[in-house]
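One structure is given below, encoded as structure tokens.
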Amino acid sequence: MPDDQPPRDDGFQLVTRPGESGRRPYGIPLAVLAELTHRCPLQCPYCSNPLELEAASKELATEEWLRVIGELAGIGVLQIHFSGGEPTVRKDLVALVARATEVGLYSNLITSAVMLPRDRLAALADAGLNHVQISFQGAEPLVADRVGGFRNGHAKKLEVARWTRDLDLPLTVNAVMHRQNLHQLPDIIDMAVALDADRLEVAHVQYYGWALKNRQALMPTLAQLDETSRLVAAEQQRLKGVLVIDHVIPDYYAERPKQCMGGWGRQFFNISPAGKVLPCHAAETITGLSFDSVRDHSLDWIWAHSAAFNRYRGTDWMPEPCRSCAHKEEDFGGCRCQAFALTGDAGNTDPACALSPMHARIFALAETEAGSAQNAFLYRTFSGGTPE
Ligand code: SF4
Ligand code: SF4
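Residues 1 to 388 in the numbering used here are what the sequence shown lists, from first letter to last.
As structure tokens, this is what we get:
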């Protein structure tokens with residue numbers, strides 16, 4: 001779709017790839033999270049999808065995704081992460097992966113794996129899929145199936161993980177950790193080794209959307225977090241050359257914020273099932289921002305001109321203490337969605353930062369909620385949530 005607008009002149013660095021004739025505003029996006037659908041058989045209480053899930057009737061059609069994937073390659077994207085919801089519920093997934101391969105994108109399937117027969121996984125491998133990431137909710141069915149709200153899910157995940165390695169596809173085990181499953185981390189690490197995974201992501205819940213609604217039931221104690229950090233550090237040493245372990249701690253207990261998405265509108269973006277293009281997967285939790293759609297504009301135009309992308313790009317928007325901070329080009333002030341969730345203003349410093357005036361309050365809140373006796377979940381459903 002042609003979107004001829006004059007290039008902006010507001011101080012952002014312009015970047016080109018070697019051999020490119022034109023100048024591309026605001027850097028080159030490296031990777032995209034393609035949320036093919038919000039449909040999912042699981043109901044995780046920390047799901048990063050928005051509270052208002054997009055209905056199947058609004059999803060981009062196959063032809064639209066095929067066009068969009070072609071556009072991705074055209075604007076310089078290198079990696080596509082097929083996600084959801086559960087991406088394997090889309091009947092056209094093999095065709096979409098084949099298209100990504102055709103245009104030279106590295107493709108990763110982020111899946112709960114409970115709906116993936118072996119022949120379909122083999123077809124995805126044949127279509128050029130480069131990597132599989134399977135989420136696990138625990139180390140055994142009792143905890144895992146309760147957290148995911150899906151009976152026999154854990155056993156199915158183990159089966160698909162084995163097929164993944166049989167087919168010689170690289171495997172990442174993604175373990176989302178919280179107060180009610182952290183005690184299983186040693187077994188999860190053993191499980192990842194037994195599955196011959198290349199990488200284990202020990203990813204503590206981040207609290208937006210569904211996770212924010214379930215924060216009291218999920219927040220770990222500081223003692224649990226300290227113990228986890230010690231365990232992960234020791235296992236990273238012990239398993240060098242066998243398993244790479246990444247550790248993402250909960251922001252509430254952090255001293256410095258994470259460099260969220262590599263900076264807002266700087267390296268990554270997200271496409272929702274209905275085609276909305278978002279600077280991050282949780283961006284819709286920020287009220288007052290509107291997002292452009294691949295149905296109305298080209299990706300090239302959206303990356304350069306979308307008001308939502310430009311709202312928090314660079315450092316000019318920053319308030320104090322970020323504005324005069326030596327770290328502002330490193331962490332870009334942290335996470336906008338978290339700043340909104342915890343302060344009501346996405347333009348504030350992320351309270352995960354010890355320099356934020358809100359930091360002490362957030363830390364105290366985490367400690368209080370970690371001590372809560374409230375363990376029942378509100379499951380993620382299309383009807384706005386179902387109590388356990
Ligand atoms: S977090 Fe759970 S409910 Fe959400 S998309 Fe992933 S598997 Fe489905
Ligand atoms: S004040 Fe802002 S820029 Fe400095 S460390 Fe904190 S969040 Fe990062």
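Using N, Cα and C, we set each Cβ at its ideal position, and we do this for glycine too.
In the three-state scheme derived from DSSP, where H, G and I count as helix and E and B as strand, residue 309 is classed as helix. When 177, 207, 27 are compared, the shortest CA-CA separation from residue 75 is found for 27.
Remark: the shortest separation between the CB of residue 310 and any heavy atom of ligand 1 does not fall under 7 Å. In this structure, DSSP gives residue 202 an extended state, which the three-state scheme calls strand. For residue 186, the three-state secondary structure derived from DSSP is helix.
About 11 Å separates the Cβ atoms of residue 78 and residue 268, ruling out a contact at the 8 Å cut-off.
Secondary structure note for residue 245: its beta strand (DSSP E) is the uninterrupted segment 244-248. Here residue 50 is buried: its Cβ has 16 or more other Cβ atoms, across all protein chains shown, within 10 Å. Proximity to ligand 1 was defined by a C-beta distance below 7 Å to any of its heavy atoms, and the residues meeting it, in sequence along the chain, are 40, 42, 43, 44, 46, 47, 48, 49, 84, 85, 86, 112, 135, 148, 380. Taken through DSSP and simplified to helix, strand or coil, residue 379 comes out as strand. Following the DSSP letters along the chain, one finds residue 131 inside the beta strand (DSSP E) bounded by residues 131-136. Inclusion of residue 234 and residue 191 in the CB contact set at 8 Å is not warranted, their separation being larger than that value.
In this structure, ligand 2 has a non-hydrogen atom nearer than 7 Å to the beta-carbon of residue 327.
DSSP places residue 81 within a strand segment (E or B) once states are collapsed to three. The DSSP-derived three-state label of residue 106 is strand. In the displayed model, residue 293 falls within a strand according to three-state DSSP. Short note on residue 164: C-beta not closer than 7 Å to any heavy atom of ligand 2. With respect to the C-alpha of residue 154, the residue from 221, 145, 358 having the closest C-alpha is 145. Judged by DSSP in its simplified three-state form, residue 368 adopts helix.
Between the beta-carbon of residue 218 and that of residue 46 there is about 6 Å, and that keeps the pair under the 8 Å contact cut. Counting of Cβ neighbours within 10 angstroms places residue 124 among the buried residues, the total reaching 16 or more. One alpha carbon belongs to residue 384, the other to residue 55, and they sit about 13 Å apart. For the 8 Å CB-CB criterion, residue 35 and residue 273 form a contact. Under the three-state reduction of DSSP, residue 175 is assigned to strand. If you look at residue 235, you'll find it in the alpha helix (DSSP H) that goes 222-238. About 5 Å separates the beta carbon of residue 294 from that of residue 68, a gap short enough to meet the 8 Å contact definition. The beta carbon of residue 209 sits closer than 8 Å to those of 47, 48, 49, 50, 51, 282, 285, all from its chain and outside the five residues before and after it, given in chain order. Residues 379 of the same chain have their beta carbon placed closer than 6 Å to that of residue 386, with the five preceding and five following residues left out of the count. Around the Cβ of residue 345, a 10 Å sphere holds fewer than 16 other Cβ atoms; the residue is exposed. Taking a cut-off of 8 Å on C-beta distances, the segment 244-262 does not touch the segment 303-320, as fewer than three cross pairs fall below it. For residue 32, the uninterrupted beta strand (DSSP E) segment begins and ends at 31-35.
For ligand 2, no non-hydrogen atom lies closer than 7 Å to the CB of residue 342. Per DSSP, reduced to three states, the secondary structure at residue 257 is coil, with no helix or strand assignment.
Of the heavy atoms belonging to ligand 2, none sits nearer than 7 Å to the Cβ of residue 316. The three-state reading of DSSP puts residue 271 in strand, counting E and B together. Across the structure, residue 161 and residue 168 are spaced so that their CA atoms are roughly 11 Å apart.
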